[in-house]
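One structure below.
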Amino acid sequence: MSDKIRVGLIYGGKSGEHEVSLQTALAVIKAFDLNKYDVQPFYITKQGEWRSGPQLTGPVQSAAALTFQEQSEEEGAFALQPFFGAVQGPGQDTRASVVPLDVVFPLLHGTFGEDGTIQGLLEMADIAYVGTGVMASSVGMDKAMMKKMFAQEQLPQCVFRHFTKKQWEKEMNEYLLEIEVSVGYPCFVKPANLGSSVGISKARNRAELMEAVRTAFQYDRKVVVEEFIDARELEVAVLGNDEPQASVVGEIVSSNEFYDYKAKYIDGKSSMIIPAEIPQSLADEIRALAIRAFQAIDGTGLSRVDFFLRKEDSKIFINEINTMPGFTPFSMYPLLWRESGKPYSELLDNLILLALQRHAEKQSLQYTFDVPDV
Numbered sequence: 001m002s003d004k005i006r007v008g009l010i011y012g013g014k015s016g017e018h019e020v021s022l023q024t025a026l027a028v029i030k031a032f033d034l035n036k037y038d039v040q041p042f043y044i045t046k047q048g049e050w051r052s053g054p055q056l057t058g059p060v061q062s063a064a065a066l067t068f069q070e071q072s073e074e075e076g077a078f079a080l081q082p083f084f085g086a087v088q089g090p091g092q093d094t095r096a097s098v099v100p101l102d103v104v105f106p107l108l109h110g111t112f113g114e115d116g117t118i119q120g121l122l123e124m125a126d127i128a129y130v131g132t133g134v135m136a137s138s139v140g141m142d143k144a145m146m147k148k149m150f151a152q153e154q155l156p157q158c159v160f161r162h163f164t165k166k167q168w169e170k171e172m173n174e175y176l177l178e179i180e181v182s183v184g185y186p187c188f189v190k191p192a193n194l195g196s197s198v199g200i201s202k203a204r205n206r207a208e209l210m211e212a213v214r215t216a217f218q219y220d221r222k223v224v225v226e227e228f229i230d231a232r233e234l235e236v237a238v239l240g241n242d243e244p245q246a247s248v249v250g251e252i253v254s255s256n257e258f259y260d261y262k263a264k265y266i267d268g269k270s271s272m273i274i275p276a277e278i279p280q281s282l283a284d285e286i287r288a289l290a291i292r293a294f295q296a297i298d299g300t301g302l303s304r305v306d307f308f309l310r311k312e313d314s315k316i317f318i319n320e321i322n323t324m325p326g327f328t329p330f331s332m333y334p335l336l337w338r339e340s341g342k343p344y345s346e347l348l349d350n351l352i353l354l355a356l357q358r359h360a361e362k363q364s365l366q367y368t369f370d371v372p373d374v
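Residue numbers (full-length UniProt numbering): 1 to 374.
Set out below in structure tokens:
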């Protein structure tokens, strides 16, 4: 019997960040030490179909190879059974199709990946998984709820407003006036539940604001409008469970007007300054705030916390927390840890260990209660 840890990788998904997930999966797969891990890939198509690939025995060279397009629908599709890891094809006996897994690494970004849905499935299946839990994932994904949580913890952040599509349709003029008075122009308009800068626009006047809101509503039923701050963009990687650690601080210098999808994943022209060129006392303050933000949402495993450093007075504002940051070649999270003395392979080892430790702790809890005889 193998002493290797059996890891299931789930990637793809029904999300606007499907391609980002493929890039992340490719990078992670290339970094796994197959002498220590048995790796089983699970791909979710854009239509939500689950497909299993063969256990990995060597490096994968392209993201396209991870989508199992060469398989027919009958060969590639499978259904989740009452416990995770049971893979069933047409006419197959489920009992003969069990793929035992020790831990799952959900490399899913955005909707259905970072929002607590896949985490809830894995909780119900009673299997260890990398990353934050259901509640922390959901709060970290919903920018409106996240900002409310940060406000409760008195973390410094910019002025924001949020509303649903129905609220906007019924009270658009009121919201326009409120935004213009309290937030002002320019401002940023974002879908509340999406990442990787998908659907984000910068509005400089009312016409652009209305168009930006229309664009954001294509991706979510809730929209957040934020104050523009002329600032440097700083990021910190957080790793751990009950005693999280923060990496060095890094800075993003975007190739575009702001750090949008193209700047993050396509053109490769944005530069990363690691560590950021800021005073050590300021870096320490930002790292402490990153840990506070992580703990505010009850984070576990990993997160990346993003900040603004206002240019005029070096005032710090927390922007957001990302509970499943990318691991692509252009991604900040692994680069921050590399600069902090933790190389990629060691980072993956730590994440797997943290997932197993958290799962073991939860297994020690009692979930049933026997009513005493009266």
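Positions of the beta carbon are idealized from the N, C-alpha and C atoms, including for glycine.
Between L101 and Q40, the beta carbon gap of about 7 Å places them in contact (Cβ cut-off 8 Å). T300 sits in coil when the DSSP states are folded into three classes, being neither helix nor strand. Less than 9 Å divides the Cβ of N319 from the Cβ of F308. Put simply, the backbone Cα of A151 is about 23 Å away from that of V249.
Under the three-state reduction of DSSP, L108 is assigned to coil, being neither helix nor strand. In the three-state DSSP reduction, R310 falls in the strand class (E or B). Under the DSSP assignment, E208 falls in the alpha helix (DSSP H) whose first and last residues are 206-216. For I179, the CB contacts under 8 Å within the same chain, skipping 5 residues up- and downstream, are R161, C187, L209, V225 in chain order. Burial check for Y367: the Cβ neighbour count within 10 Å stays below 16, so the residue is exposed. Beta-bridge partners assigned by DSSP to A246: V238.
DSSP places F327 outside any alpha helix (DSSP H), giving it a letter other than H or E. Three or more beta-carbon pairs separated by less than 8 Å link the stretch 289-306 to the stretch 128-139, which places the two stretches in contact. Following the DSSP letters along the chain, one finds Q40 inside the beta strand (DSSP E) bounded by residues 37-44. In terms of Cα proximity to E277, the closest of Q245, A290, R232 is R232. Between R51 and T45 the beta-carbon gap is near 7 Å, inside 8 Å, which marks them as a contact. With the rule of 3 Cβ pairs closer than 8 Å, the stretch 24-41 does not count as touching the stretch 118-130.
Pairwise C-beta distances place the stretch 103-121 in contact with the stretch 351-364, as three or more of them are shorter than 8 Å.
Between the C-alpha atoms of Y11 and H18 there is a straight-line separation of about 8 Å.
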